[in-house]
Amino acid sequence: NAGVTQTPKFQVLKTGQSMTLQCAQDMNHEYMSWYRQDPGMGLRLIHYSVGAGITDQGEVPNGYNVSRSTTEDFPLRLLSAAPSQTSVYFCASRRQGDNSPLHFGNGTRLTVT
Amino acid sequence: SQQGEEDPQALSIQEGENATMNCSYKTSINNLQWYRQNSGRGLVHLILIRSNEREKHSGRLRVTLDTSKKSSSLLITASRAADTASYFCATDANAGNMLTFGGGTRLMVKP
Chain W
0 NAGVTQTPKF QVLKTGQSMT LQCAQDMNHE YMSWYRQDPG MGLRLIHYSV GAGITDQGEV
60 PNGYNVSRST TEDFPLRLLS AAPSQTSVYF CASRRQGDNS PLHFGNGTRL TVT
Chain X
35 SQQGEEDPQA LSIQEGENAT MNCSYKTSIN NLQWYRQNSG RGLVHLILIR SNEREKHSGR
95 LRVTLDTSKK SSSLLITASR AADTASYFCA TDANAGNMLT FGGGTRLMVK P
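Here the protein sequences come in this chain order: W and X.
Note that the working numbering numbers the first sequence so that position 109 is 108, with each residue one more than the last.
Note that the working numbering numbers the second sequence so that position 53 is 87, with each residue one more than the last.
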């Protein structure tokens, strides 16, 4: 199994551009989520999904959209990039139900100039 | 807002010594989890302790949980240079749908 795969690994955007960060998992996990990691702030939840067709907001959802058309994929869209969205983005998945650990991808490092 | 806060923020020890990291949180939880992150990589799950458990072991890892003090500790015994990483606690307070992470402890183990 490849686990959780994120693409691209690195991206540079200009302010106002849009882009989609891709996330795919091959573990048949119902739950998928997006976090951003900023220095000294740990990880903050952006959006999550408990199954295909279901998404919900996390702690910092503004400026981001998600969709979940399949179990495997959970793309994160930046509608109009801002310098404040410069961060490292992590996708994570797990089986639904209590006490299941998260499996993380290796992240996408995004710089917005 | 961060649910968990790790202490210390950074820790430097010699190989063979024990490393202890602490985590405090604010609200009631279902479970508390510890993750490790090597530089430039995603987080890797280490251990989970349920709210009704007080102590758990996994290899060289020992986790304690004190729900009355809303705190947990992670002990790594006989540390190795390969243990150098950042360690994060995460709390599950909403049926696992919103796992909340602390700011992490950066551990350096010198050979």
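Cβ atoms here follow ideal geometry from the backbone N, Cα and C, with glycine treated the same way.
Which whole-angstrom value is the C-beta distance of residue 19 of chain W and residue 76 of chain W, which I expect to be below 8 Å?
5 Å
May I have a chain-ordered list of the beta strand (DSSP E) segments no shorter than 3 residues that lie completely inside the region 52-134 of chain X?
53-59, 65-71, 77-84, 89-92, 95-100, 105-110 and 119-126
What in chain X is Cβ-close to residue 40 of chain W, meaning under 7 Å?
137
Could you pull out every unbroken beta strand (DSSP E) segment of at least 3 residues lying fully inside the region 66-101 of chain W, listed in chain order?
75-77 and 86-93
If residue 111 of chain W and residue 4 of chain W are in contact, beta carbons under 8 Å, what's the gap, nearest whole angstrom?
Contact flag wrong, Cβ pair sits at about 23 Å.
I'd like to check one pair, residue 63 of chain X with residue 111 of chain X: are the Cβ atoms closer than 9 Å?
no
Using beta-carbon positions only, say whether residue 84 of chain X and residue 98 of chain W come within less than 9 Å of one another.
yes
Minimum Cβ-Cβ distance from residue 3 of chain W to chain X less than 9 Å:
Interface residue, yes.
If you measure beta-carbon to beta-carbon, which residues of the region 90-104 of chain W are closer than 9 Å to chain X?
90, 91, 93, 95, 96, 97, 98, 99, 100, 101, 102, 103 and 104
With DSSP as the reference, identify every bridge partner of residue 144 of chain X, one or two as the case may be.
BP columns for residue 144 of chain X point to X:48.
Compare the beta carbon distance of residue 67 of chain X and residue 133 of chain X with 9 Å and say whether it is the shorter of the two.
In this structure, residue 133 of chain X lies closer than 9 Å to residue 67 of chain X by Cβ.
According to DSSP, is residue 17 of chain W part of a helix, a strand, or is it coil?
Here residue 17 of chain W sits in coil by DSSP.
What residue from W:62, W:25 and W:48 has the CA that sits closest to residue 85 of chain W's CA?
W:62
With residue 57 of chain X and residue 120 of chain X assumed to form a contact (beta carbons below 8 Å), what rounded beta-carbon distance in angstroms separates them?
The pair is not a contact, with the Cβ atoms about 13 Å apart (cut-off 8 Å).
Would you mind working out which of W:16, W:9 and W:23 sits nearest residue 68 of chain W, comparing C-alpha positions?
W:23
With 8 Å as the limit, tell me which residues of the region 61-81 of chain X have their beta carbon closer than that to any beta carbon of chain W; keep them in chain order.
64, 65, 67, 69, 74, 75, 76, 77, 78 and 79
Output the distance between the C-alpha atoms of residue 79 of chain W and residue 64 of chain W, rounded to the nearest integer angstrom.
11 Å
Using the beta-carbon count (16 or more within 10 Å), is residue 40 of chain X buried or exposed?
A buried status is given to residue 40 of chain X, since no fewer than 16 other beta-carbon atoms sit within 10 Å of its beta-carbon.
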